[in-house]
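Visitor:
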Amino acid sequence: MPELPRMNDRRAHFLTMLGDVCVAAGLGSMRVELLLSDGSRLAGTPSPHPATEGGSPTDETGYSSTLLIDGASAQLEDVVEFVVRTP
(Lines of atoms letter the chains of each structure in order from A and count residues from 1; the text may use other names and numbers.)
(Lines give C-alpha, C1' and ligand atoms only; values in the text may rest on other atoms or scores of the structure.)
Protein backbone atom coordinates (compact mmCIF):
# COMPACT_ATOMS: atom_id res chain seq x y z
CA MET A 1 0.00 0.00 0.00
CA PRO A 2 1.49 3.38 -0.97
CA GLU A 3 2.23 5.87 1.79
CA LEU A 4 -0.12 8.86 1.91
CA PRO A 5 1.44 12.31 1.61
CA ARG A 6 1.73 14.33 4.82
CA MET A 7 -0.49 17.35 5.32
CA ASN A 8 1.36 20.59 4.60
CA ASP A 9 -0.72 22.94 6.73
CA ARG A 10 -1.28 21.31 10.11
CA ARG A 11 -2.79 24.48 11.65
CA ALA A 12 -5.53 24.61 8.99
CA HIS A 13 -6.18 20.92 9.59
CA PHE A 14 -6.49 21.57 13.36
CA LEU A 15 -8.99 24.39 12.74
CA THR A 16 -11.02 22.22 10.37
CA MET A 17 -11.12 19.41 12.95
CA LEU A 18 -12.17 21.93 15.61
CA GLY A 19 -15.02 23.16 13.42
CA ASP A 20 -16.17 19.60 12.68
CA VAL A 21 -16.07 18.65 16.37
CA CYS A 22 -17.99 21.75 17.45
CA VAL A 23 -20.72 21.15 14.86
CA ALA A 24 -21.06 17.50 15.93
CA ALA A 25 -20.97 18.37 19.64
CA GLY A 26 -23.63 21.04 19.15
CA LEU A 27 -25.91 18.61 17.32
CA GLY A 28 -25.50 16.05 20.11
CA SER A 29 -25.79 18.64 22.92
CA MET A 30 -22.35 17.61 24.16
CA ARG A 31 -20.01 19.84 26.14
CA VAL A 32 -16.62 20.94 24.87
CA GLU A 33 -13.81 22.77 26.60
CA LEU A 34 -11.56 25.14 24.69
CA LEU A 35 -8.17 26.42 25.81
CA LEU A 36 -7.48 29.81 24.24
CA SER A 37 -4.10 31.31 23.37
CA ASP A 38 -4.38 33.81 26.27
CA GLY A 39 -4.67 30.90 28.75
CA SER A 40 -8.40 31.30 29.38
CA ARG A 41 -10.84 28.41 29.07
CA LEU A 42 -14.30 28.33 27.58
CA ALA A 43 -16.59 25.38 28.33
CA GLY A 44 -20.13 24.52 27.32
CA THR A 45 -22.24 23.37 24.40
CA PRO A 46 -21.43 24.83 20.97
CA SER A 47 -24.19 26.48 19.00
CA PRO A 48 -24.32 27.76 15.41
CA HIS A 49 -23.12 31.32 15.03
CA PRO A 50 -25.80 33.66 13.68
CA ALA A 51 -23.45 34.66 10.84
CA THR A 52 -23.40 31.09 9.52
CA GLU A 53 -27.17 30.70 9.65
CA GLY A 54 -27.75 33.50 7.16
CA GLY A 55 -25.34 32.19 4.57
CA SER A 56 -22.59 34.69 5.43
CA PRO A 57 -19.07 34.02 4.18
CA THR A 58 -16.86 31.66 6.11
CA ASP A 59 -13.10 31.59 6.57
CA GLU A 60 -10.65 29.40 4.64
CA THR A 61 -11.57 26.37 6.77
CA GLY A 62 -15.23 26.58 5.73
CA TYR A 63 -16.40 27.57 9.21
CA SER A 64 -17.34 30.86 10.81
CA SER A 65 -14.28 32.47 12.40
CA THR A 66 -16.21 32.86 15.68
CA LEU A 67 -17.31 29.97 17.90
CA LEU A 68 -20.28 30.30 20.26
CA ILE A 69 -20.11 28.17 23.40
CA ASP A 70 -23.15 28.64 25.67
CA GLY A 71 -23.50 32.20 24.39
CA ALA A 72 -19.84 33.18 24.92
CA SER A 73 -17.73 33.70 21.82
CA ALA A 74 -14.15 32.85 20.89
CA GLN A 75 -12.21 33.33 17.71
CA LEU A 76 -11.43 30.07 15.93
CA GLU A 77 -7.77 31.04 15.49
CA ASP A 78 -7.41 31.68 19.26
CA VAL A 79 -8.12 28.03 20.16
CA VAL A 80 -4.98 26.04 20.98
CA GLU A 81 -6.61 22.92 22.47
CA PHE A 82 -10.07 21.39 22.63
CA VAL A 83 -11.66 18.56 24.57
CA VAL A 84 -15.06 16.89 24.18
CA ARG A 85 -16.55 15.77 27.49
CA THR A 86 -18.36 12.47 27.67
CA PRO A 87 -22.09 12.85 28.36
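Counting from 1 along the sequence shown, just add 1376 to a position and that's the residue number in my numbering.
Positions of the beta carbon are idealized from the N, C-alpha and C atoms, including for glycine.
The structure presented is a predicted model; accordingly, all values stated were derived computationally and were not measured.
(1) Between which residues of its own chain and V1399 is the CB-CB distance below 6 Å, once the five residues before and five after are set aside?
(2) Which first and last residues belong to the beta strand (DSSP E) in which G1420 is found?
(3) In whole angstroms, give me the CA-to-CA distance for D1446 and R1407.
(4) Going by the beta-carbon positions, is the gap between E1409 and A1419 smaller than 8 Å?
(5) Alpha carbon to alpha carbon, how far is D1454 from S1423? Give it in angstroms, no decimals.
(6) Which residue marks the beginning of the beta strand (DSSP E) containing L1411, and which one marks its end?
(7) Smallest Cα separation from D1414: which of F1390, E1457, T1421, S1440?
(8) Is it the case that the Cβ atoms of L1443 and L1452 are separated by a distance below 8 Å?
Guide: So, from the listed chains and residues:
(1) none
(2) 1417 to 1420
(3) 9 Å
(4) yes
(5) 18 Å
(6) 1408 to 1412
(7) E1457
(8) yes
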